[in-house]
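The sequence shown finishes on residue 189 if you use the working numbering, and the numbering steps up by one all the way, no holes. From the three backbone atoms N, C-alpha and C, an ideal C-beta is built for every residue, glycine too. Input: a single structure, listed below in structure tokens.
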Amino acid sequence: MPMIRLTVPSGSLTEVGRGSVQRDLAAVLLRWEGAPDTAFFRAQAWSYLVELPEGAQATAEDAEPRFLVDVTVPQGALSERRKAGLVEDATRTVLEAAGLSPAEALRVWVLVHEQPDGTWGAGGSVIRYADLVALAKGQQTDA
47 MPMIRLTVPS GSLTEVGRGS VQRDLAAVLL RWEGAPDTAF FRAQAWSYLV
97 ELPEGAQATA EDAEPRFLVD VTVPQGALSE RRKAGLVEDA TRTVLEAAGL
147 SPAEALRVWV LVHEQPDGTW GAGGSVIRYA DLVALAKGQQ TDA
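Following this line, the structure appears as structure tokens:
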């Protein structure tokens, strides 16, 4: 199942962006994974917002806010085309949530972590990618 974690300096998101960025990023991830738009799959797309305390993030150049998006998916879930689309849309989503322009895109890093098959567990069982694919094929869109 997909998981996304956005790490940001405290206060770097707009009020509206802070309220919506987690669901927006989860929706981006599900879309690029090709998961069905069902309540079950939406509930499995976990999204975390980690806000760093003031002064906890800087570069060697400045202290302008930077944003780190960590995405964890089953190995094989994303083709190169899907990864590229995910990175582009996640970057756009974070920039919008922070009230920044596309010219600031280098302030957003997206790291895609592919979890090897057989190393992901949920509900007390190991979940394999083939199981997820079979489950997705059996789901109908309920949105």
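Please go through the same chain and pick out, in chain order, the residues whose beta-carbon is closer than 7 Å to the beta-carbon of Arg-174, but skip the five residues on each side of it. By 1-based counting over the sequence shown, the position of residue 174 is 128. Counting only Cβ-Cβ distances below 7 Å, and skipping sequence neighbours, we find Asp-163 and Gly-164.
Assigned secondary structure, Asp-177 (DSSP; H/G/I helix, E/B strand, else coil): Position 131 of the sequence shown, counted from the first residue, corresponds to residue 177. Note: Asp-177 maps to helix in three-state DSSP.
Would Leu-98 and Gln-68 qualify as a contact pair, given that the criterion is a beta-carbon distance under 7 Å? What you label residue 98 is simply residue 52 of the sequence shown in a count that begins at 1. What you label residue 68 is simply residue 22 of the sequence shown in a count that begins at 1. No.
For Gly-63, which of helix, strand or coil comes out of DSSP? Mapped onto the sequence shown, residue 63 falls at position 17. Note: Gly-63 maps to helix in three-state DSSP.
Using alpha carbons as the reference points, say which of Ala-102, Arg-77, Ala-143 and Leu-71 lies closest to Arg-124. Taking the sequence shown and counting its residues from 1, one reaches residue 124 at position 78. For the record, residue 124 in the displayed sequence is Leu; it is not Arg. For the residues Ala-102, Arg-77, Ala-143 and Leu-71, the minimum Cα distance to Leu-124 belongs to Arg-77.
Could you work out which residue in Val-158, Ala-143, Thr-84 and Ala-149 is closest to Leu-181 when comparing CA atoms only? Taking the sequence shown and counting its residues from 1, the one referred to as residue 181 is at position 135. Minimum Cα distance to Leu-181 is reached at Thr-84.
Same chain only: Cβ atoms within 7 Å of Thr-137, ignoring 5 sequence neighbours per side: Your numbering for residue 137 matches position 91 in the sequence shown. Ala-151, Val-154 and Val-156.
Around the C-beta of Arg-127, are 16 or more other C-beta atoms found within 10 angstroms, so that it is buried, or is it exposed? Start at 1 with the first residue of the sequence shown, and residue 127 comes out as number 81. By the 10 Å Cβ count, Arg-127 comes out exposed.
Given Arg-112, which residues of its chain have a CB within under 8 Å of its CB, disregarding the five upstream and five downstream residues? Counting from 1 along the sequence shown, the entry for residue 112 is found at position 66. The residues are Pro-55, Gln-103, Thr-105, Arg-153, Val-154 and Trp-155.
Shortest alpha-carbon distance to Val-133 belongs to which of Arg-64, Pro-82, Thr-60 and Ala-72? Numbered from its first residue, the sequence shown carries residue 133 at position 87. It is Ala-72.
Does DSSP classify Thr-105 as helix, strand or coil? Counted from its first residue, the sequence shown places residue 105 at position 59. Three-state DSSP puts Thr-105 in coil, outside helix and strand.
Taking only the alpha-carbon atoms, compute the straight-line gap between Gln-121 and Ser-147 and give it to the nearest angstrom. Residue numbering aside, residue 121 sits at position 75 when the sequence shown is read from its first letter. Residue numbering aside, residue 147 sits at position 101 when the sequence shown is read from its first letter. One C-alpha to the other measures close to 32 Å.
Given a cut-off of 7 Å on the beta-carbon distance, is the pair Asp-135 and Val-74 in contact? Taking the sequence shown and counting its residues from 1, the one referred to as residue 135 is at position 89. Taking the sequence shown and counting its residues from 1, the one referred to as residue 74 is at position 28. Cβ distance < 7 Å, so Asp-135 and Val-74 count as in contact.
Would DSSP call Thr-118 helix, strand or coil? Your numbering for residue 118 matches position 72 in the sequence shown. Strand.
Work out the CA separation of Glu-160 and Trp-166 for me, nearest whole Å. Locating residue 166 in the sequence shown gives position 120, counting from the first residue. Locating residue 160 in the sequence shown gives position 114, counting from the first residue. Their Cα atoms are separated by approximately 11 Å.
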